[in-house]
Amino acid sequence: MSVANARLAVVMPRMSSYGGAEGFGLRLAGALAGAGHAVDFICARQEVEAPQGVRVIRVGRFGPFKALKTLWFTLAAGAAIRRGRYDLVFGLGKTLSQDILRIGGGPLPVFWRLSKLAWRPGWPRTMKMLRRRLSPANWLSMAIEARQARSARVVVCVSTLVRDWLLEAHPELARSDVRVIYNRPDLSRFHVLDEEGRARLRAREGLEPEQVVIATAATNFALKGIAPLLRALALLPERFVLRVAGGRGAGHYLQLARELGVEDRVRFLGRVEDMPGFYNAADVFCLATYYDACSNAVLEALACGCRTVSSRFNGSAAFLPSDKVFDDPGDHAALARLLERVAGEPRPGEFVWPDDVACGLDPYLALTDECLRGKSQQGA
Numbered sequence: 000m001s002v003a004n005a006r007l008a009v010v011m012p013r014m015s016s017y018g019g020a021e022g023f024g025l026r027l028a029g030a031l032a033g034a035g036h037a038v039d040f041i042c043a044r045q046e047v048e049a050p051q052g053v054r055v056i057r058v059g060r061f062g063p064f065k066a067l068k069t070l071w072f073t074l075a076a077g078a079a080i081r082r083g084r085y086d087l088v089f090g091l092g093k094t095l096s097q098d099i100l101r102i103g104g105g106p107l108p109v110f111w112r113l114s115k116l117a118w119r120p121g122w123p124r125t126m127k128m129l130r131r132r133l134s135p136a137n138w139l140s141m142a143i144e145a146r147q148a149r150s151a152r153v154v155v156c157v158s159t160l161v162r163d164w165l166l167e168a169h170p171e172l173a174r175s176d177v178r179v180i181y182n183r184p185d186l187s188r189f190h191v192l193d194e195e196g197r198a199r200l201r202a203r204e205g206l207e208p209e210q211v212v213i214a215t216a217a218t219n220f221a222l223k224g225i226a227p228l229l230r231a232l233a234l235l236p237e238r239f240v241l242r243v244a245g246g247r248g249a250g251h252y253l254q255l256a257r258e259l260g261v262e263d264r265v266r267f268l269g270r271v272e273d274m275p276g277f278y279n280a281a282d283v284f285c286l287a288t289y290y291d292a293c294s295n296a297v298l299e300a301l302a303c304g305c306r307t308v309s310s311r312f313n314g315s316a317a318f319l320p321s322d323k324v325f326d327d328p329g330d331h332a333a334l335a336r337l338l339e340r341v342a343g344e345p346r347p348g349e350f351v352w353p354d355d356v357a358c359g360l361d362p363y364l365a366l367t368d369e370c371l372r373g374k375s376q377q378g379a
């Protein structure tokens with residue numbers, strides 16, 4: 000087997016540029032192909048053009064229910080892997096046959112335990128947990144997670160926090176090869192603008208010079224703490240405004256903003272194409288999340304030189320000073336005090352990535368070579 004020209008597969012349900020895991024899958028496949036490997040991308044559906052040198056194998060995802068769609072993809076992807084006779088397989092989703100398993104989310108039981116705090120105690124929380132526990136798709140996911148924990152040769156977690164969560168849920172993995180490789184933004188896109196550039200950007204966005212812009216990004220508004228962030232905004236001076244990128248179904252939160260008297264200080268932007276501009280226009284980026292494996296948004300905001308705060312339930316909070324990490328996303332009064340303090344501090348400037356922390360794609364390329372050499376030695 001040639002380490003420099005191996006047959007590799009990257010497996011995940013969706014080939015897309017939208018979404019943190021999906022974007023990583025595209026970049027990984029492109030980097031592996033760029034390193035001289037023959038790369039197949041096995042997916043249920045393809046939404047974007049494949050990177051140069053990457054062949055797409057679409058297996059579909061059929062069935063009327065989520066559980067059936069997940070099961071179909073898991074089995075069909077496994078069959079494609081067996082047919083492909085690959086030298087190395089990267090599993091980035093609900094897969095059963097992989098050499099390197101990347102954990103980009105975290106174990107479901109831990110997610111349930113932490114994320115339930117995003118819903119109000121009593122009936123809302125009880126019903127949310129009941130729906131989760133009655134979902135066949137969730138039980139299938141837990142079964143797949145347990146099988147993955149037993150079968151993967153190497154497990155890569157996207158943060159030390161995810162590694163800790165994984166070992167909590169699967170203590171048997173303490174004897175396995177579990178590594179941590181953080182995400183790293185595309186620094187050609189996410190970088191610091193000078194003050195003149197920021198001023199032009201804010202003017203284009205209709206932001207006044209005296210306004211203090213709090214920014215956040217979320218797909219799941221409840222999980223990412225939009226409600227406590229709105230309540231914190233209501234305690235801040237009038238010059239503070241909130242901009243929310245991503246998500247859908249903002250009606251409930253617009254109603255809450257009206258009840259709090261801050262509707263005219265909040266903008267739900269939906270999908271934002273120019274995320275570097277979004278971060279550079281902000282004064283503070285805040286992620287009041289109840290659960291986040293390793294928020295790309297926090298890393299991107301740091302790369303853009305934005306003041307950034309996060310709850311401790313986020314893997315990428317490891318890159319923040321301790322005084323920028325808060326314990327309770329639901330404590331909106333403490334959050335308001337933190338935002339007001341941080342907004343008065345100097346902008347941090349360009350973020351310096353620690354040399355002793357594995358992040359980005361290079362460690363995956365090195366891991367690929369390591370695993371291929373190991374397989375070659377076993378076959379000798």
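Residue numbering for the sequence shown follows numbering that gives the first Met the number 0, beginning at 0 and increasing consecutively.
Note that CB positions come from ideal geometry on N, CA and C, so glycine has one too.
*List the whole-angstrom C-beta distance separating P328 from G250, where the pair is believed to meet the contact cut-off of C-beta under 8 Å.*
About 22 Å separates the two Cβ atoms, so there is no contact after all.
*asked:* Measuring alpha carbon to alpha carbon, tell me which residue in S375, E369, Q377 and Q376 is nearest D176.
replied: E369
*If you draw a straight line from the alpha carbon of F23 to that of H169, how long is it in whole angstroms?*
25 Å
*Taking only runs that begin and end inside the stretch 165-250, name each unbroken alpha helix (DSSP H) of 4 or more residues, in chain order.*
194-203 and 225-233
*Would you mind stating whether N306 and D282 have Cβ atoms separated by less than 8 Å?*
Looking at the sequence itself, residue 306 is Arg, so the reference to Asn does not match. In this structure, D282 lies closer than 8 Å to R306 by Cβ.
_Selection from V55, L337 and I180 that minimises the alpha carbon distance to A32_ = V55
*Buried or exposed (CB count within 10 angstroms, at least 16 for buried), V351*: exposed
*Look at the Cβ atom of V155, then the Cβ atom of G314, and state whether they are nearer than 8 Å.*
no
*Express the C-alpha separation of V10 and T94 in angstroms, rounding to a whole number.*
7 Å
_Here's a check: name, in chain order, each residue in its chain whose Cβ is nearer than 7 Å to the Cβ of G18, leaving out the five neighbours to either side._
none
*asked:* Quick check on the burial criterion: 16 or more other C-beta atoms within 10 angstroms. Buried or exposed for D86?
replied: buried
*Terminal residues of the continuous alpha helix (DSSP H) containing L334?*
H331 to A342
*Straight-line Cα distance separating A5 from K374*: 11 Å
*Using the beta-carbon count (16 or more within 10 Å), is T125 buried or exposed?*
exposed
*Pick helix, strand or coil for M0, following the three-state DSSP scheme.*
Legend: pLDDT at M0 = 49, less than 50; position of this residue unreliable, value from coordinates given subsequently. Here M0 sits in coil by DSSP.
*asked:* In whole angstroms, give me the CA-to-CA distance for L166 and A30.
replied: 29 Å
*Can you tell which of D291, L25 and L334 has the C-alpha that lies nearest to the C-alpha of T159?*
D291
_Helix, strand or coil at F89 according to DSSP, with G and I counted as helix_ = strand
*In three-state DSSP terms, what is Q377?*
helix
_If you follow the alpha helix (DSSP H) that V157 is in, where does it begin and where does it stop?_
Taken as a continuous stretch (DSSP letters only), V157 belongs to no alpha helix (DSSP H), as it is neither H nor E.
_Span separating the alpha-carbon of P106 from that of A117_ = 18 Å
_Which runs of the alpha helix (DSSP H) at least 4 residues long sit entirely within the stretch 84-144? Give them in chain order._
107-114 and 122-133
*Could you name the residues of the same chain whose beta carbon sits closer than 8 Å to that of V47, not counting the 5 residues immediately before and after it, in chain order?*
M14, S15, S16 and L25
*Provide the residue(s) that pair with Q51 in DSSP beta bridges, ordered along the chain.*
Its beta-bridge partners do not exist; DSSP assigns none.
*Return the residue from the list G276, L229 and L319 that minimises the CA-CA distance to D330.*
L229
*Taking only heavy atoms of the ligand SAH into account, decide whether any of them is closer than 7 Å to the Cβ of K68.*
Ligands in the displayed structure: none, and consequently the ligand SAH is not present.
*What separation, rounded to the nearest whole angstrom, lies between the Cα atoms of M0 and Q377?*
At M0, the pLDDT of 49 sits below 50, so the modelled position is not reliable; the number obtained from the coordinates is stated separately. The straight-line gap from Cα to Cα measures roughly 11 Å.
*Alpha carbon to alpha carbon, how far is R199 from R346?*
17 Å
*Opposite A313 in the DSSP bridges: which residues?*
It should be pointed out that residue 313 corresponds to Asn in this sequence rather than to Ala. Its beta-bridge partners are D291.
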